[in-house]
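Peer 1: Submitted below is the structure of interest, expressed as structure tokens.
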Amino acid sequence: MAGFVVRRLLAVVGVLLAMSVLIFAIVHILPGNVAYAILGEYATPGAVAALEAKLGLNEPLSVQYWHWLAQMLHGNLGQSLSMDRPAAPLIAGALGRSAILAGMSFALVVVLGIGGGVYGATHKGRVSDRTLAFVQFLFIAVPDFFWAILAILFFAAWLHWLPATGYESIAEAGVGGWLAHLLLPVAVLTLGLTAHVSRLARSSMLEVLESRYILAARAKGLPERLVLYRHALRNALPPAITVLAIDAGILMGGIVVIETVFAYPGLGRLLVYAIEQRDLPLLQAGMMVVTAIYAIANLLADFSYALLNPRLRHGRSIR
Amino acid sequence: MPETDLEVAERAPGAGGSSPALRIEDLSVSYATIRGRVRALDHVSLAIPRGQVLGLVGESGSGKSTVVLALLGLLDEAAEVTATALEFEGHDLLGDPVTPRGRRIGTVFQDPSSILNPALPVGLQVAEPLLVHRRMGRAEAFERAKELLAQMGIPRPGAVMRAYPHQLSGGMKQRALIAQALATEPDLLLLDEPTTALDVTVEAQILDLLDGLRAERGLTMLLVSHNLGIVDRICDRVCVLYAGRTLESGPTSALLQAPRHPYTRGLLGALPRPDRLEAAPLVPIPGNLPDLTNPDPGCNFRPRCPFAEQGCAEPQFLSEILPGHWVRCHRVGIVETLPWPLPEPVARAGGGTPERHRERLVEAAEMQRAFRSGGTFARLLGTESVTRAVDGVSLAIGRGESVGLVGESGCGKSTLGRLLLRLLPAESGSLRFAGEAVPEHPAAEFRRRAQIVFQNPDTALNPRQTVAAILSRPLHRFALAEGPEVVREVERLLDLVRLPHAFRSRYPHQLSGGEKQRVGIARALATRPDFVIADEAVSALDVSVQAAVLNLLADLRARLGVAYLFISHDIGVIAHIAERVVVMYRGRLMEEGRTAQVLHPPYHPYTEALLSAVPVVGARERSASRIRLAGDASSAVSAAGCPFAARCPRRIGPLCDTVPPPWQVAAEGHRIACHIPLPTLAAMPPALGG
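These protein sequence lines map, in sequence, to chains A and B. So that you can map any letter, position 293 of the first sequence is 292 in numbering that gives the first Met the number 0, and since no number is skipped, the others follow by simple counting. So that you can map any letter, position 397 of the second sequence is 396 in numbering that gives the first Met the number 0, and since no number is skipped, the others follow by simple counting.
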């Protein structure tokens, strides 16, 4: 197990290093001059030269990369050009708000996805299972932003129940106002992914319920509750966890779209802003943070996978 | 017809005067499928008196496991179950199967590896019935579970309690499952093929355990098995099931010594037996299981019965021909006097050529292969574990010779087979084929001349290819045929394995197990090889079909001069097909010799233990002198000496642990790797009796 943890950690470090090269390269290998790209094509040569000096663009690429990486490792995420402020606090604030959005959505996806999967598997073929399947396919097939716009039209513009866009902290608006701003984006983010996880959890659960150890558990006379939750679910979870880790990545993509639609000041919106403003240092730092979060989500998935699979925890056989 | 059966059932099958512990009357089970209603069980009646063991025997598709699931109320929801009585100690199992389940009825299923939950510790699984049914506290239940494990003969029960299933050997898992089934002290034990996935030596241990339990606790047991030897070993009565109907039932010894129904006779005739080496060739039962969607109103064995006549189309009833011995055959009186027709004579190959004159085809010298577990870290930390699957094995196989390779699972026999075909690279050692060295990446010509038939025909054939595609692939690969020749060649191959030409366009799922294995054999023969390895090629087949495939293999050898290496855990099969036998244990050869030599003393103590563990029909009395091995083939091994020393019942002292055993030549071509002097080995009692 210790070897497994060390191996996974090393792999995460490797992924982050590789990604840092890519992220750095995307910005610097793009055709044309970086300073022009930032300042626009009508920039004066003087301004370009000044910016190049400021960004250290005159040095060789490897040296630039090394400086950038070293700064990152020291926790210095660089300077936002467009706002002329350090990128770190900008990203931290946006990340905090995105984390609220993503964390709530992800928790709901886990609970509803696995719960829905178990429900579907135990009610296989009944009307409720088929209805659930139909609704889920609808959420998988139709993209997030459509539901987002529909939700805004319905709940905000027509019913006036909820605010259409924006964010207010608990300090400003109290728990009610805070939740009101979160409700629609969380709901839209959750629906598609829940459907995704729940379809997979359902088929995984069905497969486990067909297995011989479930037959044996029933032959032991165990109540169905124990058969399902102690004997079946544990074995059905690993595939669902793998998909949840992938969904963590999809969730981050979804956040960019949803934050834009709901004008929610999170990391996704900050990245879009950085692209629009050609704020390359901010963009690089933001992308590194997103990559790190995704890598850590997968690491956590691997660990919970190991916790559920005794073969990984206890390797040796007993003689 | 049902009323007559009911009448019969009321007096049937030999329950005696006292009320039986388990009473099944007219149990019928059917399922709705796309092809129509499948009748899995058709008015089956049986009864087990308290404290007795009934064996329910049948081949796959006979419905024997359906009986167990019906008793537990665990049949598929789509199943329609009817019975006039399904009673256990007066409790109606048809109305309420749930209450006694796991409480008063314990169940042990086959294949412990898939029955234990891989994600839960073994201790919890054994203690679970106590927690649920006895409402014991956790500590008390776990303490009791530990005691039960110890009673089942598990060493270090504390460690096993904490272990997960993958950490235990097959035998230990099955012991844990028996402990779990007995935890609530049930009155009835249902055993569904309890030893099927286990090695013979472990099977013998489990059978001893069950035999002991029955004697000590007076347990009533229903033993479901396809293995007549096992049934003979522990059952009082036997009931033979065929395609959902009882064909014969009676006291074990009477039924197995003097079977009356043609099907029972056929089953016994098809059984390869290590104790009847020189007997006639195996007699397969022709044909396949009848279509269960359209049950024959008459005798359902009729299409396969050599004695069938017109009267057999009438409904058949169970009749009592001797006290307690029931047979469903109206011609039973006449049929038992008729001889069973022999199959087409099987040519015995190589009989005329003494082996020393034969040219050597395969020569392997000092083959070595180890498997490592654990990754780079384990290697760096020195915790890597190395299994020597094949440890310095030298073996020669002559042209047209058939050699059997036996040993318990994990002894390295399949690895050796793969090394001989260069399907797996050897770490050291040399391989020669037809006098020429075979390089690590052999040329196509070697691949053409050396082929393999795999164990499981269900997974060895590509489900998306037709039989013709499967058989013509090697023809194209080795450029053996082109255009219309391919069709002719495919037909020739189908003829060889006695399948109709129409099978050409079938897919594997449209074939029965025996037919699939014939296609597997035809594929191996497509390249006209000189050498074929059959790796457990008949293990997955029913006895009646297995006999036909074994006869086919023997016949092909005689006609085509192919040499075989027959890998099997079943010494009966090996004794039947092989001229020479090689016994392997933990990567090393223990004994090698002609079949008759290996099956009789002098032999290696391991060979003795293997033979002694085989449950042979009609050898019940043998149990007194039976050799029992503790543990299994994965038990600790001494690195320096004889690999078998740790388990050897005839170990002579520290010599065995420290010095590798020398090869002793007992006779020409017969050698034994053992420290015990040959005269002592020769004086051992014959394990197979007689």
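Glycine is no exception: its CB is placed at the ideal position from the N, C-alpha and C atoms.
1) Taking the beta strand (DSSP E) that B/Arg556 falls in, what are its first and last residues?
2) So, does the CB of A/Asn75 fall closer than 8 Å to a CB anywhere in chain B?
3) So is A/Ala289 buried or exposed if we call it buried at 16+ other beta carbons inside 10 Å?
4) Which two residues bound the contiguous alpha helix (DSSP H) that contains A/Thr241?
5) Counting only beta-carbon separations shorter than 8 Å, does A/Gly175 have a partner in chain B?
6) Look at B/Leu281 and B/Ala269 and say whether their C-beta atoms are less than 8 Å apart.
7) Whose C-alpha, out of B/Leu189, B/Ala595 and B/Phe565, is nearest the C-alpha of B/Ser64?
8) At a CB distance below 8 Å, what residues from the segment 220–245 of chain A approach chain B? Give them in sequence order.
9) Counting only the same chain and skipping the five closest in sequence on each side, list residues whose C-beta sits under 6 Å from that of A/Ala194.
10) Rounded to whole angstroms, what's the CA-CA distance from A/Leu196 to A/Ile151? Just pull it up for me.
11) Does B/Thr106 come within less than 8 Å of chain A when only Cβ atoms are used?
12) Considering only residues of the same chain and omitting the five flanking positions on each side of B/Met589, which have a CB-CB separation below 6 Å?
13) Is B/Ala666 closer than 8 Å to B/Arg646 when the C-beta atoms are compared?
14) In the structure shown, what three-state DSSP assignment does A/Ile213 receive?
15) With a 10 Å radius around its C-beta and 16 neighbouring C-beta atoms as the bar for buried, classify B/Val56 as buried or exposed.
16) How about A/Leu80 and A/Pro280: do their beta carbons lie closer than 8 Å?
17) For chain B, find out if any of its Cβ atoms is closer than 8 Å to the Cβ of A/Ala52; answer yes or no.
18) Hey, does A/Ala17 have any beta-carbon neighbour from chain B nearer than 8 Å?
19) Pairs of beta-carbons, one from the segment 195–213 of chain A and one from the segment 173–185 of chain A, closer than 8 Å: are there three or more?
20) Please classify B/Leu190: does DSSP put it in a helix, a strand, or coil?
21) A/Trp146: buried (16+ other C-beta within 10 angstroms of its C-beta) or exposed?
22) Using the C-alpha atoms, what's the distance from B/Ile177 back to B/Leu129?
23) Can you give me the Cβ contacts of B/Ala364 inside the same chain, cut-off strictly under 7 Å, excluding the 5 residues immediately before and after it?
24) Candidates B/Thr458, B/Leu687 and B/Ala449: which alpha carbon is nearest B/Leu418's?
25) In whole angstroms, give me the CA-to-CA distance for A/Val14 and A/Leu298.
26) Residues in the segment 127–161 of chain A with C-beta within 9 Å of chain B's C-beta atoms, listed in sequence order?
27) Over the uninterrupted beta strand (DSSP E) stretch that includes B/His508, give me the two end residues.
28) Helix, strand or coil: which one does DSSP assign to B/Phe565?
29) Could you have a look at B/Ala14 and say whether DSSP puts it in helix, strand or coil?
30) Exposed or buried, which one is A/Phe153 when buried takes at least 16 other CB atoms within 10 Å?
31) Listing by chain order, which chain B residues have their CB less than 8 Å from the CB of A/Ser303?
32) Taking the beta strand (DSSP E) that B/Ser27 belongs to, which residues open and close that run?
33) Can you look up B/Met683 in the DSSP assignment and give me helix, strand or coil?
34) If you draw a straight line from the C-alpha of B/Ala126 to the C-alpha of B/Leu266, how long is it?
35) Please list, in chain order, all residues of the same chain as A/Arg7 whose beta carbon is under 8 Å from its beta carbon, the five residues on each side excluded.
36) Given a cut-off of 8 Å, decide if B/Ile566 and B/Leu404 are closer than it, judged by their beta-carbon atoms.
Peer 2: Let me spell this out:
1) Within the second sequence, numbered from 1, the residue matching residue 556 of chain B stands at position 557. Unbroken run through B/Arg556 is the alpha helix (DSSP H), Val542 to Leu559; no beta strand (DSSP E).
2) Position 76 of the first sequence, counted from the first residue, corresponds to residue 75 of chain A. A/Asn75 is outside the set of residues whose beta carbon lies under 8 Å from a beta carbon in chain B.
3) Walking along the first sequence from the start, residue 289 of chain A turns up at place 290. It is Val, not Ala, that sits at residue 289 of chain A in the sequence shown. Taking all protein chains in view, the Cβ of A/Val289 is crowded by 16 or more other Cβ atoms within 10 Å, so the residue is classified as buried.
4) Numbered from 1 along the first sequence, position 242 holds the residue referred to as residue 241 of chain A. In this chain, the alpha helix (DSSP H) harbouring A/Thr241 covers Leu232 to Val260.
5) Translated into the one-based positions of the first sequence, residue 175 of chain A becomes position 176. No, because no Cβ of chain B sits closer than 8 Å to the Cβ of A/Gly175.
6) Residue 281 of chain B sits at position 282 when you count from the first residue of the second sequence. Residue 269 of chain B sits at position 270 when you count from the first residue of the second sequence. Result yes, Cβ atoms of B/Leu281 and B/Ala269 sit closer than 8 Å.
7) Residue 64 of chain B sits at position 65 when you count from the first residue of the second sequence. That would be B/Leu189, whose Cα lies nearest to the Cα of B/Ser64.
8) Residues passing the 8 Å Cβ filter: Gly220, Leu221, Pro222, Leu225, Arg229, His230, Arg233 and Asn234.
9) Indexing the first sequence from 1 puts residue 194 of chain A at position 195. Cβ neighbours of A/Ala194 beyond the five flanking positions: Gln135, Phe138 and Ile139.
10) Translated into positions along the first sequence, residue 196 of chain A becomes position 197. Translated into positions along the first sequence, residue 151 of chain A becomes position 152. The amino acid occupying residue 196 of chain A in the given sequence is Val; Leu does not appear at that position. Taking C-alpha positions only, A/Val196 is separated from A/Ile151 by approximately 25 Å.
11) In the second sequence, residue 106 of chain B corresponds to position 107, counting from 1. Output row for B/Thr106: interface = yes.
12) In the second sequence, the residue the question calls residue 589 of chain B occupies position 590. The beta carbon of B/Met589 sits closer than 6 Å to those of Val582, His603, Tyr605 and Ala672, all from its chain and outside the five residues before and after it, given in chain order.
13) Looking up residue 646 of chain B in the second sequence gives position 647. Looking up residue 666 of chain B in the second sequence gives position 667. For B/Arg646 and B/Ala666, no; Cβs fall outside 8 Å.
14) For the purposes of this step, residue 213 of chain A is taken as residue 214 along the first sequence, with counting starting at 1. Reduced to three states, the DSSP call for A/Ile213 is helix.
15) Indexing the second sequence from 1 puts residue 56 of chain B at position 57. In the assembly as shown, B/Val56 is a buried residue. Its beta-carbon has 16 or more other beta-carbons within 10 Å.
16) For the purposes of this step, residue 80 of chain A is taken as the residue at position 81 of the first sequence. For the purposes of this step, residue 280 of chain A is taken as the residue at position 281 of the first sequence. For the 8 Å CB-CB criterion, A/Leu80 and A/Pro280 form a contact.
17) Indexing the first sequence from 1 puts residue 52 of chain A at position 53. Closer than 8 Å: no.
18) Numbered from 1 along the first sequence, position 18 holds the residue referred to as residue 17 of chain A. Answer no: the Cβ-Cβ gap between A/Ala17 and chain B never drops below 8 Å.
19) No, the segment 195–213 of chain A is not in contact with the segment 173–185 of chain A.
20) As a first step, residue 190 of chain B is located in the second sequence; it is residue number 191 there, counting from the start. It is a strand residue.
21) Position 147 of the first sequence, counted from the start, is the residue given in the question as residue 146 of chain A. A/Trp146 sits buried, since 16 or more C-beta atoms from the chains shown fall within 10 Å of its C-beta.
22) As a first step, residue 129 of chain B is located in the second sequence; it is residue number 130 there, counting from the start. As a first step, residue 177 of chain B is located in the second sequence; it is residue number 178 there, counting from the start. The alpha-carbon atoms of B/Leu129 and B/Ile177 are separated by roughly 14 Å.
23) Counting from 1 along the second sequence, the entry for residue 364 of chain B is found at position 365. Cβ neighbours of B/Ala364 beyond the five flanking positions: Ser393, Gly428 and Ser429.
24) On the second sequence, residue 418 of chain B is found 419 positions in, with the first residue counted as 1. Nearest C-alpha to B/Leu418: B/Ala449.
25) For this step, residue 14 of chain A is matched to residue 15 along the first sequence. For this step, residue 298 of chain A is matched to residue 299 along the first sequence. When only Cα atoms are considered, A/Val14 and A/Leu298 end up about 11 Å apart.
26) The segment 127–161 of chain A vs chain B, Cβ under 9 Å: nothing.
27) Sequence index remark: in the second sequence, residue 508 of chain B carries index 509 (1-based). Counting along the chain, B/His508 sits inside no beta strand (DSSP E), nor does DSSP assign it H or E at all.
28) Taking the first residue of the second sequence as 1, we reach residue 565 of chain B at position 566. Three-state result, B/Phe565: strand.
29) The residue given as residue 14 of chain B occupies position 15 in the second sequence. Residue placement at B/Ala14 is flagged as unreliable, the pLDDT there being 43, under the threshold of 50; a coordinate-derived value is accordingly withheld.
30) Reading the first sequence from its first residue, position 154 is the one you call residue 153 of chain A. A/Phe153 sits exposed, since fewer than 16 C-beta atoms from the chains shown fall within 10 Å of its C-beta.
31) For the purposes of this step, residue 303 of chain A is taken as the residue at position 304 of the first sequence. Chain B residues near A/Ser303: none, gap ~13 Å exceeds 8 Å.
32) As a working mapping, residue 27 of chain B is identified with position 28 in the second sequence. Note, B/Ser27: beta strand (DSSP E), Leu21 to Thr32.
33) Along the second sequence, read from residue 1 onward, the residue named residue 683 of chain B stands at position 684. The three-state secondary structure of B/Met683, taken from DSSP, is coil.
34) Taking the second sequence and counting its residues from 1, one reaches residue 126 of chain B at position 127. Taking the second sequence and counting its residues from 1, one reaches residue 266 of chain B at position 267. Approximately 40 Å between the Cα atoms of the pair.
35) As a working mapping, residue 7 of chain A is identified with position 8 in the first sequence. For A/Arg7, where only same-chain residues beyond five positions count, the Cβ hits under 8 Å are Leu298, Asp301 and Phe302.
36) One-based indexing of the second sequence puts residue 404 of chain B at position 405. One-based indexing of the second sequence puts residue 566 of chain B at position 567. Yes. Within cutoff.
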